[in-house]
Amino acid sequence: MANILNFVAFQLVWFIAIFSAASNKSFLAIPAVLFFAVVQIFYSRCKLTDLTLVLIGFVIGMTIDSIWLNLHWIDYSDIYFSSVAPLWIGCLWINFMLTLNHSMSWLNHRLLWLSVLSLIAAPLSYYAGARAGAIILNEPLLALIAVALSWAIWIPVAMHIANRLRNREESTS
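Just so it is clear: in the sequence shown, position 105 is 956 by the numbering used here, and no numbers are missing.
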């Protein structure tokens, strides 16, 4: 049941972030992801792991999306700095990282499957964000290929990190 709630909360925060950014009210993503993060970490059996994943995912995710912004492959709605991906994108990365040990835990040791799913799902998510008006795909094919490949590599690495951190946390508690 907890994994189902995690998935539903993840989807809800995704919709809030995307549609608030499309409406130039991206600040609404911050309380949404903060509420989800606080509740998720409070009830998590691997609090330190989840918190560490949030920090790592925020930094790496913002870096990846900022690269695409600076290459002019993707533009973001409701952006405040011309060379850094907007904070609502960071909220989406936090949101996603909080699924690794929970609703996506069935993929813990299926990294090839995770890579294939990321290769497909990530560009669909960015495409949906573009259709909603939250992002602009300046170079649609190039941007979606970059998204697919980077997620197909990064997300299995993130899951591997999650597995190692969680195993370490569980062995010390």
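Built from N, CA and C at the ideal position, the CB exists for glycine as well.
Just so it is clear, the structure is predicted and the values come from calculations on it, not from any experiment.
Under 8 Å between C-beta atoms of Ala872 and Ala883
What you label residue 872 is simply residue 21 of the sequence shown in a count that begins at 1. What you label residue 883 is simply residue 32 of the sequence shown in a count that begins at 1. Contact annotation: Ala872 and Ala883 have beta-carbon atoms that are not nearer than 8 Å.
Would you kindly work out how many angstroms separate the C-alpha atoms of Gln891 and Ile987, rounded to a whole number?
On the sequence shown, residue 891 is found 40 positions in, with the first residue counted as 1. On the sequence shown, residue 987 is found 136 positions in, with the first residue counted as 1. The alpha-carbon atoms of Gln891 and Ile987 are separated by roughly 31 Å.
If Asp929 sits next to Asn989, beta carbons under 8 Å apart, how far is it from one beta carbon to the other, in whole angstroms?
In the sequence shown, residue 929 corresponds to position 78, counting from 1. In the sequence shown, residue 989 corresponds to position 138, counting from 1. Not confirmed; about 17 Å, so no contact.
Ser969 to Leu951 span [Cα, whole Å]:
In the sequence shown, the residue the question calls residue 969 occupies position 118. In the sequence shown, the residue the question calls residue 951 occupies position 100. Cα to Cα, Ser969 sits roughly 12 Å from Leu951.
Does Ile855 pass the burial test, meaning 16 or more other C-beta atoms within 10 Å, or should it be called exposed?
Residue 855 sits at position 4 when you count from the first residue of the sequence shown. Exposed: under 16 other Cβ atoms inside 10 Å.
Would you mind stating whether Gly980 and Ile869 have Cβ atoms separated by less than 8 Å?
Stepping through the sequence shown from its first residue, residue 980 is reached at position 129. Stepping through the sequence shown from its first residue, residue 869 is reached at position 18. Contact flag set, yes.
Mind listing, in chain order, the continuous beta strand (DSSP E) runs of no fewer than 3 residues lying wholly within the stretch 988 to 1015?
Complete beta strand (DSSP E) runs here, min 3: none at all.
Under three-state DSSP, which class holds Tyr931?
Looking up residue 931 in the sequence shown gives position 80. Three-state DSSP puts Tyr931 in coil, outside helix and strand.
Rounded to a whole number of angstroms, what is the C-alpha to C-alpha distance between Cys897 and Phe861?
One-based indexing of the sequence shown puts residue 897 at position 46. One-based indexing of the sequence shown puts residue 861 at position 10. Separation of Cys897 and Phe861 (C-alpha to C-alpha, rounded to the nearest whole angstrom) is 18 Å.
Beta strand (DSSP E) runs contained entirely in the stretch 877 to 953, provided each spans 3 or more residues:
With a minimum length of 3 residues, the continuous beta strand (DSSP E) runs that stay inside the stretch 877 to 953 are 925 to 927.
Can you tell me which residues form a DSSP beta bridge with Ile971?
As a first step, residue 971 must be located in the sequence shown, where it is residue number 120. According to DSSP, which records beta bridges pairwise, Ile971 is partnered with nothing at all.
Give every residue of the same chain whose Cβ lies closer than 7 Å to the Cβ of Asn921, excluding the five residues on either side of it in the sequence, and list them in chain order.
Here residue 921 is taken as the residue at index 70 of the sequence shown, counted from 1. The residues are Ser934.
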